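Its first residue numbered 3, the sequence shown is counted upward by one per residue in the working numbering.
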Amino acid sequence: MQDLRKITRWQINQPAKIRLEGAVRDADCHIKDINFRGMQIILGLKLFLDSYINLRLILSPEVSLDVQVWVAWHKTIDGQNTYGLYFSKINDEDKDKIYAFVYKNVPNKVLGSFFNSSPNVDDAQEPQDRRIFQRFDVKLPAKLLDTNTGDEIMAEISDISAKGMGLKLNREIKVNTPVEAWVYFPDKGEPLYTRGLAVWSKLSGAAEYRLGIDLEKADLMGLSRALRH
Numbered sequence: 003m004q005d006l007r008k009i010t011r012w013q014i015n016q017p018a019k020i021r022l023e024g025a026v027r028d029a030d031c032h033i034k035d036i037n038f039r040g041m042q043i044i045l046g047l048k049l050f051l052d053s054y055i056n057l058r059l060i061l062s063p064e065v066s067l068d069v070q071v072w073v074a075w076h077k078t079i080d081g082q083n084t085y086g087l088y089f090s091k092i093n094d095e096d097k098d099k100i101y102a103f104v105y106k107n108v109p110n111k112v113l114g115s116f117f118n119s120s121p122n123v124d125d126a127q128e129p130q131d132r133r134i135f136q137r138f139d140v141k142l143p144a145k146l147l148d149t150n151t152g153d154e155i156m157a158e159i160s161d162i163s164a165k166g167m168g169l170k171l172n173r174e175i176k177v178n179t180p181v182e183a184w185v186y187f188p189d190k191g192e193p194l195y196t197r198g199l200a201v202w203s204k205l206s207g208a209a210e211y212r213l214g215i216d217l218e219k220a221d222l223m224g225l226s227r228a229l230r231h
C-alpha cells in the first residue's frame, strides 16, 4: 500500500485556502488534484513561475499543513489561473494529513487506486496526461551513464518536468536501471547533472528507443534552464 500511496494522484476538486508566508489573511483556492509530490490548484493570486514559496495549506478548518512549494507551471484555463505546485519541502506527518483528508472526503478516489489501473495513478509510464505537473517539450542533448554496466550513451531529451525526463536514444536501457545524466544547454554553461531511475522503455523505430526517467532529486533551478530553452 505504501508504494501505491507514493504515486497516486487524487482528483479531489475541493475548495481550500492558502496563506502565503508573511500574509495576514487566507486566500481562497480550489484544489483540482493532489498527491505527495504536489498539487494542481486554481488561485486568484498571482504567483511567479520558477519560485519557491512557503505557505500554509488549509484543506479544512481541522486540517492544515505548512509546506514549501515550487511554482512549476501556470496556465489560464476557462479564464482561471491554474498552477502546478511541487512540494519541495513536506514531512511525513503532512503526507498523512493529505491521505486522511482525501480518504475522508472522496474515499472512492482512494479505493479506486487499489482496484484499478485507473487514470488516478501517476505511474510515470509511457507519456500521458496523468501527471500532476505539466511536461514541457524540449530538444536538448544529454549523456547517460548506465550505472549497472558503466556504459555512456548519448541521447536527446524530448520532454522534461520537475520530476522526470523523456528521452530518445539508440540503444535500450532496461527498466529499473539507475542512471546518471548530464543535460547540455545552448548557453554553453555547465551541464545539469542529475540521477534517476529508468521507469519505462520501448522500441519506437529502427534502432531508436524511448526512455522515461524518474528523477531521484530534481535540481529545480537547473531544470528551469531547460524550460527557458
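We put the CB at the ideal spot given by N, CA and C, even for glycine. Owing to the predicted nature of the structure, the values given are computational and were not obtained by experimental measurement.
Where the beta strand (DSSP E) containing residue i begins and where it ends
| i | result |
| --- | --- |
| residue 30 | 29 to 36 |
| residue 106 | Premise fails: residue 106 lies in the alpha helix (DSSP H), 94 to 107, not in any beta strand (DSSP E). |
| residue 83 | 82 to 91 |
| residue 14 | No beta strand (DSSP E) contains residue 14, which DSSP labels as neither H nor E. |
| residue 207 | 194 to 207 |
| residue 158 | 154 to 162 |
| residue 140 | 138 to 148 |
| residue 210 | 210 to 217 |
| residue 175 | Residue 175 -> no beta strand (DSSP E), and no H or E assigned at all. |
| residue 40 | 40 to 45 |
Rounded straight-line distance, which links the Cα of residue j to that of residue i
| i | j | result |
| --- | --- | --- |
| residue 43 | residue 139 | 22 Å |
| residue 122 | residue 177 | Because residue 122 carries a pLDDT of 38, less than 50, the predicted location of this residue cannot be relied on, and the following value inherits that uncertainty. Cα to Cα, residue 122 sits roughly 22 Å from residue 177. |
| residue 20 | residue 70 | 12 Å |
| residue 17 | residue 103 | 13 Å |
| residue 145 | residue 76 | 30 Å |
| residue 98 | residue 72 | 21 Å |
| residue 86 | residue 40 | 7 Å |
| residue 141 | residue 65 | 42 Å |
| residue 47 | residue 26 | 14 Å |
| residue 80 | residue 101 | 29 Å |
| residue 169 | residue 160 | 5 Å |
| residue 106 | residue 96 | 15 Å |
| residue 83 | residue 201 | 32 Å |
| residue 54 | residue 88 | 9 Å |
| residue 151 | residue 30 | 51 Å |
| residue 50 | residue 92 | 20 Å |
| residue 219 | residue 37 | 17 Å |
| residue 133 | residue 153 | Note that residue 133 scores a pLDDT of 47, beneath 50, so its modelled location is shaky and nothing firm can be said. |
| residue 12 | residue 108 | 9 Å |
| residue 191 | residue 63 | 48 Å |
| residue 124 | residue 188 | Because the pLDDT at residue 124 is just 38, under 50, the model does not fix this residue reliably, and the value given afterwards should be weighed accordingly. Going by the C-alpha atoms only, they are around 31 Å apart. |
| residue 52 | residue 210 | 33 Å |
| residue 59 | residue 203 | 37 Å |
| residue 74 | residue 33 | 15 Å |
| residue 155 | residue 166 | 18 Å |
| residue 90 | residue 157 | 28 Å |
| residue 61 | residue 94 | 17 Å |
Proximity test, residue i beta-carbon vs the ligand GTP heavy atom, cut-off 7 Å
| i | result |
| --- | --- |
| residue 173 | Here there are no bound small molecules, and the ligand GTP is not part of this structure. |
For residue j and residue i, believed in contact at Cβ under 8 Å, the rounded distance
| i | j | result |
| --- | --- | --- |
| residue 28 | residue 14 | At roughly 19 Å, the Cβ-Cβ gap does not stay under 8 Å, so residue 28 and residue 14 are not in contact. |
| residue 213 | residue 162 | Contact flag wrong, Cβ pair sits at about 13 Å. |
| residue 1 | residue 23 | No statement about residue 1 is possible, as the shown extent of the chain runs from 3 to 231 and does not include it. |
| residue 216 | residue 199 | 5 Å |
Cross-strand partners of residue i (DSSP beta bridge)
| i | result |
| --- | --- |
| residue 23 | The partner list for residue 23 (beta bridge, DSSP) is empty, contrary to what the question assumes. |
| residue 55 | 71 |
| residue 61 | Answer by DSSP bridge pairing: none, since residue 61 is not bridged. |
| residue 78 | 83 |
| residue 186 | In DSSP, residue 186 forms no bridge with anything. |
| residue 191 | Looking at the DSSP assignment, residue 191 forms no beta bridge with any residue, so it has no partner. |
Answer yes if the stretch 146 to 156 comes into contact with the stretch 177 to 197, meaning at least three C-beta pairs across the two stretches below 8 Å, and no otherwise. yes
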